[in-house]
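Data block below; observations after.
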Amino acid sequence: MAFGAYFVSRPTANPLLDSLAEGEAALTPFVKITPDGITLIVPRADVGQGIASTQAMLIAEELDIDPATATLDPGQPHRAYFNGTVAADGLSFPGWDDGFVAETVRDLMMNVARLSGSQFTGGSSSTADLHETLRQAGATARETLKVAAAARTGVPRAELRTDDGQVVLPDGMRIPYTELAGEAAAIEPVTDVALRPASEWRRLGKTYQRLDIMAKSTGTQDYGIDVALPSMLYATVRANPGRGGGMAGYSADAALLMQGVRSVVEVNEGLAVIAENTWFAFQAAAALDVDWLPPDYPASSAEMWQALADARTDEFQNSRLRDDGDVEDALEGATVIEAEYRSPFLAHAALEPLNATVLVEDDAVTIWTATQVPHVVRDAAADVTGIDAANVILHALPAGGSFGRRLDHDYVVQAIQIAASMPGTPIKTTWSREEDMTHDFPRPLHMARGRGAVADGRVLACDLDSISPSLVASWFGRVFIVPPGPDAMLVWGAFDQPYAIPNYRVTGYAAPPLVPVGSWRSPGACSNSFFHESFLSELIHAAGTDPLEERLRLIDHADSRRVLEAVGEMSNWTGADIGPGRGRGIAFAYTHGVPVAEVIDVTLTERGIRIDDVWIAADCGTVFDPTNAEAQLTGAAVYGLGHAMNCELTYENHAVQQTNFDAFEGMRLRQTPRFHTRLLGQAEKVRGLGEPATAPAAPALADAIFAATGQRLREMPFNRSVDFA
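Those letters in the sequence shown? Residues 617 to 1341, by my numbering.
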């Protein structure tokens, strides 16, 4: 037992120590100091959510430096940068369940992640997972540098302080950290340190400009698509219009005769063209004559919807993670309220198309790309080329959006295969927008059926069946290993809501696989919250009760109650009816450990529905970066609203019909409402904000439209039923 405990809890090796030059120090896996400056390792991928900046601020607060003066580096893939929180969050326990069993199993999953070295950015977990680790890293480096200064000057460490990257002696003399690096490298790091209380923070918790905001605001930020190397060639891919289908044969003769084309090679799922620039590659790819074979999923959206409807049987039941009271008994003899809801496939559609630049040499592979799973990319490079993983160098770059798409690595594997065909030549592979849209791993098709009853002005029973192909089986099957047990994502945003409805049941059905699917912002909850909150609103309306008051009566969780009370106060809630042609909707969702409540006001105009105001209240615990936190709330809500209004992927002849932004239109600037946000900061645990405000946006909007028009919207996108101004 003692050996087993040590095996799990022993310190992880510091990956920075292997490449230090003389006079350099890597005092923790997150802090490197050289005579030339300070480098902070920020291993969670920045896919637009500003997490690189937040990671740097967490280290810098304890290290006593201005993070803007440091170099930020994502580091190389290593088990030291494992993500335990995302593993613990994937369990079949509601996030608000802090009972002994739930917490014990979460601790177990944290240790599994530690042992496996799973380095993963997703699930709004980065801040929750790293906030203490990074502050500890900054404090360890700070105190170790003070020990080095004490050894040099003879002044006791207790009499030294630090300020702005320098150790300060009692007489005011200052020694820059960079001058102490060599001496600090020879000292055992000081790990027994106390973190500073919030009352002493200089930057955390205060308004601070994100470190990437200037570059992103001026167009000077470099992304993967901007990589330029000497003697570089360019490539693109053309894959089967039916995702996963094969090739019966092809002719590349016409493409090979086109200007600037160097070669055509076979890659996973199709063909690639290598050329002297990306435009030449795009043109030649379109000229390829390919005989595609059909994939093994239904050919049309209509057939796929039918497959979901047919899967609501005992054979496909995957879970029943909520079963309070006796639903069947409560519905017996009652007037049963029923409804069916639908949520379509959705593309991730990040502004930066998928791309990767790869150089394959005799004994090394170098990759430049944006990814949320760096260790998976490293291992894939080793598998494709046969080169040892230790000789794979990954330059993890900022992403021009992701929303979950870069949790897959298919585009990088193709780029490695392409580069392996021309060793010694760096090749940048870029997907066209059409390829990006049609060969996504989209948000799953999802439907739900609800039955419920009310009595004496109260919700008495709620029975929700949620039906979708398993996202866990699809994504884990490509990237990791499919975990045992039920797929909690099938019912996230439904089974785990902290309502004390007397008779309350949520059943998940895993439909047969259709199109391969992937994580899409707030996976599971982005659809289930629409189903669950919309049906709850229908029940509350049938009961003749105020939507906010009944939710407050039902909520059985203090943090969640507070956000509902806050959003009611912020919006001056007086009910759903706010005047002729106007309506107000409300929705709540508990996702990623964060309770969020949203109120939306709409007006019916001659041109259609106009969204006027959105109020958002959330509690993620301690807020380290208030300005960015507000941006995460509003950005997530815009994302949820825009897709609920206008977006879907449909299929005919196995192929996606929406191939560019003209057919997949998010929210326009003119449609963007006024936002009002409040972060309560009272929850005990620190959580992330990249996704939680997405989930309640669609049901709150649907509720508001019902209040204004009397029309219930049970299928997204809403523009199938109403127009938007």
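Here a beta-carbon is modelled for each residue, glycine too, at the ideal position from N, C-alpha and C.
As the structure is a prediction and not an experimental result, all values here were calculated from the model.
Looking only at its own chain, which residues have a Cβ that is under 7 Å from the Cβ of residue i, when we skip the five neighbours before and after it?
{"i": "alanine 1110", "result": "Leu1080, Ser1082, Val1122, Asn1144, Phe1147 and His1148"}
{"i": "threonine 651", "result": "Looking at the sequence itself, residue 651 is proline, so the reference to threonine does not match. Closer than 7 Å at Cβ, skipping near neighbours: Gly639, Thr794 and Ala797."}
{"i": "glycine 1017", "result": "Val663, Gly664, Ala966, Leu967 and Glu968"}
{"i": "methionine 673", "result": "Pro683, Arg819, Leu820, Tyr824, Phe1240 and Asp1241"}
{"i": "valine 1179", "result": "Pro1211, Val1212, Ala1213, Ala1233, Ala1234, Asp1235 and Leu1296"}
{"i": "leucine 679", "result": "Val647, Gly754, Ala757 and Arg758"}
{"i": "tyrosine 1255", "result": "Arg1137 and Thr1310"}
{"i": "arginine 1049", "result": "Pro969 and Asn1276"}
{"i": "arginine 1226", "result": "Val1218, Thr1219 and Ala1341"}
Does the beta-carbon of residue i have 16 or more other beta-carbons within 10 angstroms, so that it is buried, or is it exposed?
{"i": "valine 717", "result": "exposed"}
{"i": "glutamate 1154", "result": "buried"}
{"i": "isoleucine 649", "result": "buried"}
{"i": "tryptophan 895", "result": "exposed"}
{"i": "proline 690", "result": "buried"}
{"i": "glycine 1428", "result": "Nothing about residue 1428 can be read from this structure; the chain reaches only from 617 to 1341."}
{"i": "proline 1128", "result": "exposed"}
{"i": "glycine 1251", "result": "buried"}
{"i": "glutamine 582", "result": "No information on residue 582 is available, as it lies outside the stretch 617 to 1341 that the chain covers here."}
{"i": "methionine 830", "result": "exposed"}
{"i": "leucine 1010", "result": "buried"}
{"i": "asparagine 1276", "result": "exposed"}
{"i": "phenylalanine 1019", "result": "buried"}
{"i": "isoleucine 1097", "result": "exposed"}
{"i": "lysine 1044", "result": "buried"}
{"i": "phenylalanine 619", "result": "Any reading at phenylalanine 619 must be qualified, since the residue scores a pLDDT of 49, below 50, and its modelled position is unreliable; the value itself is stated next. Label assigned to phenylalanine 619: exposed."}
{"i": "methionine 633", "result": "Reading off the sequence, residue 633 comes out as leucine, not methionine. Its Cβ having fewer than 16 others within 10 Å, leucine 633 is exposed."}
{"i": "alanine 870", "result": "exposed"}
{"i": "glycine 840", "result": "buried"}
{"i": "methionine 617", "result": "Residue confidence for methionine 617 is low, a pLDDT of 42 falling below 50, so the modelled location carries little weight; the figure read from the coordinates is stated next. Under this definition methionine 617 is an exposed residue."}
Can you check which of these residues, the options, is closest to residue i by C-alpha distance?
{"i": "proline 1139", "options": "Leu750, Gly1101, Pro659 and Tyr1206", "result": "Tyr1206"}
{"i": "glutamate 1165", "options": "Asp705, Val993, Glu1281 and Val1075", "result": "Val1075"}
{"i": "alanine 1311", "options": "Val721, Glu1300, Asp1229 and Ile1202", "result": "Ile1202"}
{"i": "phenylalanine 932", "options": "Pro1085, Ser917, Val883 and Asp1112", "result": "Pro1085"}
{"i": "aspartate 1339", "options": "Gly1224, Ala814, Ala1309 and Arg1290", "result": "Gly1224"}
{"i": "arginine 1290", "options": "Val1133, Pro857, Asp869 and Leu1257", "result": "Leu1257"}
{"i": "histidine 1025", "options": "Gln988, Ala1035 and Ala891", "result": "Gln988"}
{"i": "alanine 868", "options": "Phe1334, Pro792, Ala900 and Thr929", "result": "Ala900"}
{"i": "arginine 994", "options": "Ala955, Ser734 and Gly1191", "result": "Ser734"}
{"i": "aspartate 1072", "options": "Pro914, Ala1324 and Ala1158", "result": "Ala1158"}
{"i": "aspartate 905", "options": "Gly886, Ala923, Met920 and Val1230", "result": "Gly886"}
Kindly indicate which three-state DSSP category residue i falls into: helix, strand or coil?
{"i": "glutamate 1214", "result": "strand"}
{"i": "isoleucine 1097", "result": "coil"}
{"i": "leucine 967", "result": "coil"}
{"i": "valine 806", "result": "coil"}
{"i": "valine 1239", "result": "coil"}
{"i": "methionine 1105", "result": "helix"}
{"i": "glycine 1068", "result": "strand"}
{"i": "aspartate 999", "result": "helix"}
{"i": "glycine 865", "result": "strand"}
{"i": "glutamine 922", "result": "helix"}
{"i": "arginine 1137", "result": "coil"}
{"i": "glutamine 782", "result": "strand"}
{"i": "cysteine 1263", "result": "coil"}
{"i": "serine 742", "result": "helix"}
{"i": "serine 1187", "result": "coil"}
{"i": "alanine 1341", "result": "coil"}
{"i": "phenylalanine 1057", "result": "coil"}
Considering only residues of the same chain and omitting the five flanking positions on each side of residue i, which have a CB-CB separation below 8 Å?
{"i": "proline 1114", "result": "Pro710, Trp712, Ile1171, Asp1172, His1173, Ser1176, Tyr1206 and Pro1211"}
{"i": "asparagine 630", "result": "Ala642, Thr644, Pro645 and Ala696"}
{"i": "isoleucine 890", "result": "Leu849, Tyr850, Ala851, Val877, Arg878, Ser879, Val880, Val881, Ala897, Ile1034, Ser1037, Met1038 and Ile1043"}
{"i": "tryptophan 1047", "result": "Thr852, Val853, Pro969, Leu970, Asn971, Tyr1027 and His1055"}
Can you name, in chain order, every residue of its own chain whose Cβ lies under 6 Å from the Cβ of residue i, other than the five neighbours on each side?
{"i": "alanine 744", "result": "Thr701, Val1302, Arg1303 and Gly1304"}
{"i": "alanine 1346", "result": "Absent from the structure is residue 1346, since the part of the chain shown begins at 617 and ends at 1341."}
{"i": "glycine 1209", "result": "Gly711 and Arg1303"}
{"i": "alanine 918", "result": "none"}
{"i": "proline 1060", "result": "Ser1084, Pro1085, Leu1087 and Val1133"}
Against chain B, with Cβ distances strictly below 8 Å, would residue i count as a contact?
{"i": "proline 1060", "result": "Within the model displayed, chain B is absent; a lone protein chain is all it includes."}
Would you say residue i touches the ligand GDP, meaning its beta carbon is less than 7 Å from a heavy atom?
{"i": "valine 952", "result": "As far as ligands go, the structure on display features none, and thus does not contain the ligand GDP."}
Give a yes or no on contact between the stretch 982 to 993 and the stretch 956 to 964, applying the rule of three or more CB pairs nearer than 8 Å. Not touching, per the Cβ criterion.
At least 3 beta-carbon pairs within less than 8 Å: the stretch 1277 to 1297 vs the stretch 1234 to 1242: yes
Quick check: the stretch 848 to 863 against the stretch 1266 to 1280, are at least 3 beta-carbon pairs closer than 8 Å? yes
Cβ contact (3+ pairs, closer than 8 Å) linking the stretch 990 to 1005 and the stretch 1045 to 1065: no
Can we say the stretch 868 to 887 touches the stretch 828 to 847, given the rule of at least three CB pairs closer than 8 Å? No contact exists between the stretch 868 to 887 and the stretch 828 to 847.
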